[in-house]
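First to last, the sequence lines map onto chains F and A.
In terms of the numbering used here, the first sequence opens at residue 3 and continues consecutively.
In terms of the numbering used here, the second sequence opens at residue 3 and continues consecutively.
Encoded as structure tokens, the structure appears first; notes follow it.
There are 2 protein chains.
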Amino acid sequence: MSDILSYLTTEQPKQEHVQQDNFIVLVEPSPEDACSLINRHRSRFVIVLYGNLRAHYEGRAKSDLELAPRLVILKPDGALLIHEATKREPVIWQPPKATLYAQVDNGILVLKSVRTNPYEVVKIEIPSLYFLGLFKLGVTENYKVIGSEKDIVDFLVKNLDFVEPGLKLISREFETNVGSIDLLCEDKDGNLVVIEVKRGQAGPEAVHQLKRYVEHMQKTTGRNVRGILVAQDISSSAFRYLREYGFKFVRIPQKVLIGLMSTLK
Amino acid sequence: MSDILSYLTTEQPKQEHVQQDNFIVLVEPSPEDACSLINRHRSRFVIVLYGNLRAHYEGRAKSDLELAPRLVILKPDGALLIHEATKREPVIWQPPKATLYAQVDNGILVLKSVRTNPYEVVKIEIPSLYFLGLFKLGVTENYKVIGSEKDIVDFLVKNLDFVEPGLKLISREFETNVGSIDLLCEDKDGNLVVIEVKRGQAGPEAVHQLKRYVEHMQKTTGRNVRGILVAQDISSSAFRYLREYGFKFVRIPQKVLIGLMSTLK
DNA sequence: AACTGTATGTCGATC
DNA sequence: GATCGACGTACAGTT
Numbered sequence: 003m004s005d006i007l008s009y010l011t012t013e014q015p016k017q018e019h020v021q022q023d024n025f026i027v028l029v030e031p032s033p034e035d036a037c038s039l040i041n042r043h044r045s046r047f048v049i050v051l052y053g054n055l056r057a058h059y060e061g062r063a064k065s066d067l068e069l070a071p072r073l074v075i076l077k078p079d080g081a082l083l084i085h086e087a088t089k090r091e092p093v094i095w096q097p098p099k100a101t102l103y104a105q106v107d108n109g110i111l112v113l114k115s116v117r118t119n120p121y122e123v124v125k126i127e128i129p130s131l132y133f134l135g136l137f138k139l140g141v142t143e144n145y146k147v148i149g150s151e152k153d154i155v156d157f158l159v160k161n162l163d164f165v166e167p168g169l170k171l172i173s174r175e176f177e178t179n180v181g182s183i184d185l186l187c188e189d190k191d192g193n194l195v196v197i198e199v200k201r202g203q204a205g206p207e208a209v210h211q212l213k214r215y216v217e218h219m220q221k222t223t224g225r226n227v228r229g230i231l232v233a234q235d236i237s238s239s240a241f242r243y244l245r246e247y248g249f250k251f252v253r254i255p256q257k258v259l260i261g262l263m264s265t266l267k
Numbered sequence: 003m004s005d006i007l008s009y010l011t012t013e014q015p016k017q018e019h020v021q022q023d024n025f026i027v028l029v030e031p032s033p034e035d036a037c038s039l040i041n042r043h044r045s046r047f048v049i050v051l052y053g054n055l056r057a058h059y060e061g062r063a064k065s066d067l068e069l070a071p072r073l074v075i076l077k078p079d080g081a082l083l084i085h086e087a088t089k090r091e092p093v094i095w096q097p098p099k100a101t102l103y104a105q106v107d108n109g110i111l112v113l114k115s116v117r118t119n120p121y122e123v124v125k126i127e128i129p130s131l132y133f134l135g136l137f138k139l140g141v142t143e144n145y146k147v148i149g150s151e152k153d154i155v156d157f158l159v160k161n162l163d164f165v166e167p168g169l170k171l172i173s174r175e176f177e178t179n180v181g182s183i184d185l186l187c188e189d190k191d192g193n194l195v196v197i198e199v200k201r202g203q204a205g206p207e208a209v210h211q212l213k214r215y216v217e218h219m220q221k222t223t224g225r226n227v228r229g230i231l232v233a234q235d236i237s238s239s240a241f242r243y244l245r246e247y248g249f250k251f252v253r254i255p256q257k258v259l260i261g262l263m264s265t266l267k
């Protein structure tokens, strides 16, 4: 079976074939054929390999994978993923901008991916390559995820009363040298109010972030400064901190978020 | 070409074929064949689909992908990935434990993946399916990445003089209700020393984390407490904080880390 | 199941 | 290029 498949996909004149088709698949290609196809098409196709392979990663950390069947994905931007049977995450990977080198060493297909800054190397040896697929993919322009923190801040800017009646907006993304404050306001009593927004459940870090901003504004303005944390939820320990520091928590009910998400698009 | 390939892969008795082979590939399968294969084998194979597809995600946030060629990966643990031509990250995904439903609606292959807690749904419509691959993959047991923070702490425990001569270990992973302190020590002058370890470059958060621990230990013990941040590097603003709070920074040169990584395995 | 902290995090925005 | 914070973060370890 494999021979026939290989034959079918390789016997045609490559250039034309590639230009009109948006994918090529080979079953049990020779290392040489695979290497040649990879080198010729890696800048235009996403390449999927399935084979028995060893892999080694070294850079910020280091790890090794012994010989086993795995899936390798090579993208035109240099991203490289090695996947196993489980997890959303690859076991070993290289982010975009890595450079790929494919060659045949002693009859074995070897892929090497090198990245700089930080310098990191992934080396893959594939003694048995069972499948090679080249697929033409695109990139969705203007891809937008709705419901991010930015969307919530947008909403709050237009509905400040939702946080607390009488708030007046001073600035959005107010830059300080301790970070950027999501919303800086003034309350009905003339206090400065720092608002920190979190999309999901706020943890201890969110409260400490808020504290940092509040302290900074107190120090730099000398005014009385309040802190308000706005989120869908808050963890118990984060809530302890919150009360300790005298801050206020405003929950965004999921109902509001869903409504918010359905109005946007 | 496609017809012949499909034929080659489908005409054989499925059961035997599957049991002995570790992969099956089909070019331009019918939606019905694809659906049937997916439903029968999704718990044992990693499935790769290439086709022109629309996708919709809704849950913690929400997003849509218009019709375009993309790669879909389905894993036996329920993980689902939709990849485009670039990035290490999938555009849309589902983490493990999601449940997959595959069906044919009006002649179109439709995949639906549902996850609970949080409730999230990914729906994929594939009007044109060009390729379907089923690959048998494993999971590397005892997979270990070397050079994690834990490894560094291990090293420091055995080489406390590296941080500062005369340090004596009191506790590792000392649990407080503000978090767990990497290393709690006593210096040669009898001061309590809180050591926070970061693997890479320490940012402002690391310093604030350290501050939290130091303040907590001061409050609960009444003793004089020092703070030391150990990391490969520190960002400029983090260093400002560090000096402001009177903490100390100890750099782990990369040379030491590499040596550390080579001794472990 | 909820919570906490790490990650070879990745990614985008800003300086 | 360095820095910083968000992410549908994912994931592992603990309570």
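Glycine residues also receive a C-beta, built at the ideal position from the N, C-alpha and C atoms.
Computed from a predicted structure; not experimentally measured.
Can you name the residues of chain A whose CB is closer than 8 Å to the CB of F:Asp79?
The count along the first sequence starts at 1 and reaches residue 79 of chain F at position 77. Residues of chain A passing the Cβ test: Ala87, Thr88 and Lys89.
Given that F:Phe176 touches chain A, what residues does it touch there, using C-beta distances under 7 Å?
By one-based count along the first sequence, residue 176 of chain F stands at place 174. Per Cβ cutoff of 7 Å: no residues; F:Phe176 is ~17 Å from chain A at best.
Give me the residue from A:Gly61, A:Leu73, A:Pro98 and A:Gly80 with the minimum Cα distance to A:Glu86.
Mapped onto the second sequence, residue 86 of chain A falls at position 84. Comparing Cα positions, the closest option is A:Leu73.
Enumerate in chain order the residues of its own chain whose CB-to-CB distance from F:Ser130 is below 7 Å, with the five nearest sequence positions on each side excluded.
For this step, residue 130 of chain F is matched to residue 128 along the first sequence. Sequence-distant Cβ neighbours of F:Ser130 in its own chain, meaning closer than 7 Å and more than five residues away, are Gly53 and Asn54.
Apart from the five residues just before and just after F:Ser237, which ones in its own chain have a Cβ nearer than 8 Å to its Cβ?
Reading the first sequence from its first residue, position 235 is the one you call residue 237 of chain F. Once the five neighbours on either side are set aside, the close Cβ partners of F:Ser237 are Gln203, Ala204, Gly205 and Pro206.
When we look at the beta-carbon of A:Thr11 and count the other beta-carbons within 10 Å, is it buried (16 or more) or exposed?
Counting from one through the second sequence, the residue named residue 11 of chain A turns up at place 9. Reliability of the predicted coordinates at A:Thr11 is poor, the pLDDT of 49 falling under 50, and no value is obtained from them.
From which residue to which residue does the beta strand (DSSP E) around A:Lys89 run?
Indexing the second sequence from 1 puts residue 89 of chain A at position 87. Where A:Lys89 is concerned, there is no enclosing beta strand (DSSP E), given that its DSSP letter is neither H nor E.
Of all Cβ atoms in chain A, is any one closer than 8 Å to the Cβ of F:His43?
Locating residue 43 of chain F in the first sequence gives position 41, counting from the first residue. It does not; no Cβ of chain A falls within 8 Å.
Run through DSSP, which three-state label would A:Pro167 get?
For the purposes of this step, residue 167 of chain A is taken as residue 165 along the second sequence, with counting starting at 1. Reduced to three states, the DSSP call for A:Pro167 is coil.
Please specify which runs of the alpha helix (DSSP H), each continuous and at least 4 residues long, are wholly inside the segment 208 to 240 of chain F, giving them in chain order.
none
Using a Cβ cut-off of 7 Å, pull out every chain F residue sitting near A:Tyr52, in sequence order please.
Within the second sequence, residue 52 of chain A is the residue found at index 50, counting from 1. Result: Phe25 and Phe137.
Hey, F:Arg44 and F:Leu102: beta-carbon distance below 8 Å or not?
As a first step, residue 44 of chain F must be located in the first sequence, where it is residue number 42. As a first step, residue 102 of chain F must be located in the first sequence, where it is residue number 100. Contact flag set, yes.
Going along the chain, which residues of its own chain have a beta-carbon closer than 6 Å to the beta-carbon of F:Ser264, five neighbours each way excluded?
To locate residue 264 of chain F, count along the first sequence from 1; it is residue 262. Leaving aside the five residues that flank F:Ser264 on each side, none in its chain has a CB nearer than 6 Å to its CB.
Assuming A:Gly181 is part of the beta strand (DSSP E), what are its boundary residues?
Locating residue 181 of chain A in the second sequence gives position 179, where the first residue counts as 1. A:Gly181 -> beta strand (DSSP E) spans Gly181 to Glu188.
Please list the terminal residues of the continuous alpha helix (DSSP H) segment that includes F:Asp156.
For the purposes of this step, residue 156 of chain F is taken as the residue at position 154 of the first sequence. Element bounds for F:Asp156: Glu151 to Lys160.
Apply the 10 Å Cβ neighbour rule to F:Leu158 and answer buried if 16 or more other Cβ atoms are within range, or exposed otherwise.
On the first sequence, position 156 is the one that residue 158 of chain F refers to. Buried, by the Cβ-count rule.
Taking only three categories from DSSP, how would you classify F:Pro206?
Here the question's residue 206 of chain F lines up with position 204 in the first sequence. Collapsing the DSSP output to three states places F:Pro206 in a helix.
Would you say F:Ser150 faces chain A, with C-beta separation under 8 Å as the test?
Numbered from its first residue, the first sequence carries residue 150 of chain F at position 148. F:Ser150 counts as touching chain A.
Hey, is A:Val147's beta-carbon within less than 8 Å of any beta-carbon in chain F?
For this step, residue 147 of chain A is matched to residue 145 along the second sequence. True, the Cβ-Cβ gap to chain F drops below 8 Å.
In whole angstroms, give me the CA-to-CA distance for A:Glu177 and F:Asp189.
Along the second sequence, read from residue 1 onward, the residue named residue 177 of chain A stands at position 175. Along the first sequence, read from residue 1 onward, the residue named residue 189 of chain F stands at position 187. Taking the straight line from one Cα to the other gives about 39 Å.
Are the CB atoms of F:Ala100 and A:Val147 nearer to each other than 8 Å?
Along the first sequence, read from residue 1 onward, the residue named residue 100 of chain F stands at position 98. Along the second sequence, read from residue 1 onward, the residue named residue 147 of chain A stands at position 145. No; because the gap between Cβ atoms is not below 8 Å, this pair is not in contact.
Compare the Cα-Cα distances from A:Ser182 to each of A:Lys170, A:Val199, A:Gly192 and A:Pro167 and report the closest residue.
Walking along the second sequence from the start, residue 182 of chain A turns up at place 180. The shortest C-alpha separation from A:Ser182 is found at A:Val199.
Hey, quick one: how far does the beta strand (DSSP E) through F:Gly135 stretch, first residue to last?
Within the first sequence, numbered from 1, the residue matching residue 135 of chain F stands at position 133. Here the beta strand (DSSP E) through F:Gly135 covers Glu122 to Phe137.
Might you give, ordered along the chain, the residues of its own chain that have their beta carbon closer than 6 Å to the beta carbon of F:Glu217, omitting 5 neighbours on each side?
The sequence position of residue 217 of chain F within the first sequence is 215, counting from 1. Excluding positions up to five away in sequence, the list is empty.
Which of helix, strand or coil does DSSP assign to A:Pro33?
If you number the second sequence from 1, residue 33 of chain A lands on position 31. Helix.
F:Tyr215 versus chain A: which residues are under 7 Å apart at the beta carbon?
The residue labelled residue 215 of chain F in the question sits at position 213 within the first sequence. Simply none; closest approach about 12 Å.
Given a cut-off of 8 Å on the beta-carbon distance, is the pair F:Leu244 and F:Leu262 in contact?
For the purposes of this step, residue 244 of chain F is taken as the residue at position 242 of the first sequence. For the purposes of this step, residue 262 of chain F is taken as the residue at position 260 of the first sequence. No, they are not a contact pair.
Whose C-beta lies closer than 8 Å to the C-beta of A:Asp235 among residues of the same chain, with five residues either side of it excluded?
Residue 235 of chain A sits at position 233 when you count from the first residue of the second sequence. For A:Asp235, where only same-chain residues beyond five positions count, the Cβ hits under 8 Å are Gly202, Gln203, Ala204 and Arg253.
Taking DSSP as the reference, what is the three-state secondary structure of A:Tyr145?
Here the question's residue 145 of chain A lines up with position 143 in the second sequence. DSSP places A:Tyr145 in coil when its eight states are reduced to three.
Does the distance from the CB of F:Leu136 to the CB of F:Ile260 come in under 8 Å?
If you number the first sequence from 1, residue 136 of chain F lands on position 134. If you number the first sequence from 1, residue 260 of chain F lands on position 258. Going by C-beta atoms, F:Leu136 is not nearer than 8 Å to F:Ile260.
From which residue to which residue does the alpha helix (DSSP H) around F:Lys257 run?
By 1-based counting over the first sequence, the position of residue 257 of chain F is 255. First-last of the alpha helix (DSSP H) with F:Lys257: Gln256 to Thr265.
Under a CB-based cut-off of 8 Å, is F:Thr118 close to chain A?
One-based indexing of the first sequence puts residue 118 of chain F at position 116. Chain A, which has no Cβ nearer than 8 Å to the Cβ of F:Thr118, makes this no.
Does chain F have any CB closer than 8 Å to the CB of A:Ser65?
As a position in the second sequence, residue 65 of chain A is number 63, starting the count at 1. For A:Ser65, at least one C-beta of chain F is nearer than 8 Å to its own C-beta.
Taking Cβ positions, are F:Asn41 and F:Ala104 nearer each other than 8 Å?
Here residue 41 of chain F is taken as the residue at index 39 of the first sequence, counted from 1. Here residue 104 of chain F is taken as the residue at index 102 of the first sequence, counted from 1. Cβ distance < 8 Å, so F:Asn41 and F:Ala104 count as in contact.
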